[in-house]
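Student: Just passing along the structure, written as structure tokens.
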Amino acid sequence: MPATQKALRTSYLGEWPTGPYDYGGLMAVEAIASEDGRRALRRLLPRRDNWLTYVLVVLIVLAVTAVSGMAYATYSYAQRYEGRLLPGTSIAGVEVGGLSRGEARARVEAAIRPRLEAPVSLGWRDKSWTVTPADVKARSDAEAVIDGAFAAADEAGFLDFARMRFVDADVGPSDDVAIGYDPDEVRRYVAALAKDFRRRPKDAALDYSTGWVEITEARKGRRLKVGKTASALLGAFRGGQAHAPLAVKIVEPEVTSDAFDKVLLLRIGENKLYLYEEGAITEEWVVATGQPEYPTPT
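Residue numbers (numbering that gives the first Met the number 0): 0 to 297.
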């Protein structure tokens, strides 16, 4: 048996010297055993300068394992958003992150529908009409905005998904949807409205079918100024206003009741002549109706 192993055996297994009083031998054996044991342990344990190497190796292994795990988790996370919008994507004020194209379109259309159906009233005196953006064929750019959001999702890289996965970052875009109006469509709508709004002027006239003078009063006409009204309506749509004024032109009659300020009426059966002033009888005379005793007043 080698001396070192024997020394260890003597030290740790309790083999005592055989002599009854061999204390000196015992102490020598114990000393040899202790020294040889320490040397053996030093040979079994790594050297001090190797500890740093072992620690670095362990740290590298742990780091590689962690990075590999993070990479796999990021890859799995990115796969979940394949063909879908990035987290945090907002369109027209609604959250659409994680939705497919069809789901995003349905949600955005529902969000902007009230804007396309918001009524604007057109009024003048006792006349009023209501029109919505849809009535003038207004269109939104929702589809283009959705396309842009999906383009941003396609361009997202590994680091973007890592930020989303591990720090809960929202990298999706936030865009509004604009409502577009065709001025020609607005003008066509107003032009059609103008036909219903228009009223021709009416001249004043005399009516004596009853045997007495009756004056039919003149009536003013009106027509819609299509260009100005269309501009006002377009401004109300774009500004989110609930009312828009009608631009109206008043058309005067050619003959007014002033033309009949004074009217003479001869009633032959009565042999009388009546003077009407402003539609009312102010004078009357007995006159000749083919008889000399009834002179006609002058």
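No residue lacks a Cβ here, since even glycine has one placed at the ideal position from N, Cα and C.
Apart from the five residues on each side of it in sequence, which residues of its chain come closer than 7 Å, Cβ to Cβ, to S173?
Tutor: Excluding sequence neighbours, S173 sits near S89.
Student: Quick check: what's the CA-CA separation for K271 versus A287?
Tutor: Cα to Cα, K271 sits roughly 8 Å from A287.
Student: Taking the straight line between their C-alpha atoms, what separation do you get for L233 and E282?
Tutor: When rounded, the distance between both Cα atoms is 59 Å.
Student: Would you kindly work out how many angstroms separate the C-alpha atoms of S208 and R218, rounded to a whole number?
Tutor: Answer to the nearest angstrom: the Cα atoms are 21 Å apart.
Student: Skipping 5 residues on each side, what residues in its chain have a beta carbon closer than 6 Å to that of I280?
Tutor: So the list reads Y273, once near-sequence residues are dropped.
Student: In the region 171–210, which residue ranges form an unbroken alpha helix (DSSP H) of at least 4 residues, counting only runs that do not cross its ends?
Tutor: With a minimum length of 4 residues, the continuous alpha helix (DSSP H) runs that stay inside the region 171–210 are 182–196.
Student: Beta strand (DSSP E) containing L121: first to last residue?
Tutor: Here the beta strand (DSSP E) through L121 covers 119–123.
Student: Just verifying my parser: in three-state terms, what is the DSSP assignment at E213?
Tutor: Correct three-state label for E213: strand.
Student: L264 by DSSP, collapsed to three states: which one?
Tutor: Strand.
Student: Tell whether a beta-carbon distance below 8 Å holds between L115 and A133.
Tutor: Cβ atoms of L115 and A133: closer than 8 Å.
Student: In its own chain, which residues sit with a C-beta less than 6 Å from the C-beta of R112, not counting the 5 before and 5 after it?
Tutor: Nothing meets the Cβ criterion.
Student: A105 lies in the alpha helix (DSSP H); which residues open and close that run?
Tutor: Taken as a continuous stretch (DSSP letters only), the alpha helix (DSSP H) holding A105 covers 100–115.
Student: Could you pull the DSSP bridge partners for I145 from this structure?
Tutor: In the DSSP output, where bridge partners are listed per residue, I145 has none listed.
Student: For a quick check, are the C-beta atoms of V176 and D140 less than 8 Å apart?
Tutor: Contact flag set, yes.
Student: Going by DSSP, what residue range makes up the alpha helix (DSSP H) through A243?
Tutor: Note, A243: premise wrong, no alpha helix (DSSP H); beta strand (DSSP E) at 242–244.
Student: Can you give the Cα-Cα distance for T255 and K261, rounded to whole angstroms?
Tutor: Straight-line Cα distance between these residues: approximately 13 Å.
Student: Using 10 angstroms around the beta-carbon of T129, count the other beta-carbons present and answer buried if the total reaches 16, otherwise exposed.
Tutor: It counts as exposed.
Student: Is it the case that the Cβ atoms of D181 and K136 are separated by a distance below 8 Å?
Tutor: For D181 and K136, yes; Cβs fall inside 8 Å.
Student: Quick test of your reading: R198 and G220, contact by CB under 8 Å. State the CB separation rounded to the nearest angstrom.
Tutor: Their Cβ separation, rounded to whole angstroms, is 5 Å, which keeps R198 and G220 in contact under 8 Å.
Student: Is the Cβ-Cβ distance between F149 and R104 less than 8 Å?
Tutor: In this structure, R104 does not lie closer than 8 Å to F149 by Cβ.
Student: If we call anything under 8 Å between Cβ atoms a contact, is V189 one with A229?
Tutor: Yes, the Cβ-Cβ distance between V189 and A229 is below 8 Å.
Student: Between A246 and A231, is the Cβ-Cβ spacing less than 8 Å?
Tutor: Yes; because the gap between Cβ atoms is below 8 Å, this pair is in contact.
Student: Just reading off the beta strand (DSSP E) that V303 is part of, what are its end residues?
Tutor: Only positions 0 to 297 of the chain appear in this structure, which leaves residue 303 out of reach.
Student: Report buried or exposed for G96, applying the criterion of at least 16 other Cβ atoms within 10 angstroms of its Cβ.
Tutor: Per the 10 Å Cβ criterion, buried.
Student: By the 10 Å Cβ neighbour count, where 16 or more other Cβ atoms means buried, how is A243 classified, buried or exposed?
Tutor: A243 comes out buried.
Student: Roughly how many angstroms separate the alpha carbons of A204 and L192, rounded to a whole number?
Tutor: Each residue's Cα considered, the two are about 30 Å apart.
Student: Taking just the CA atoms, how far does R106 sit from W123?
Tutor: Distance between the alpha carbons of W123 and R106 is about 38 Å.
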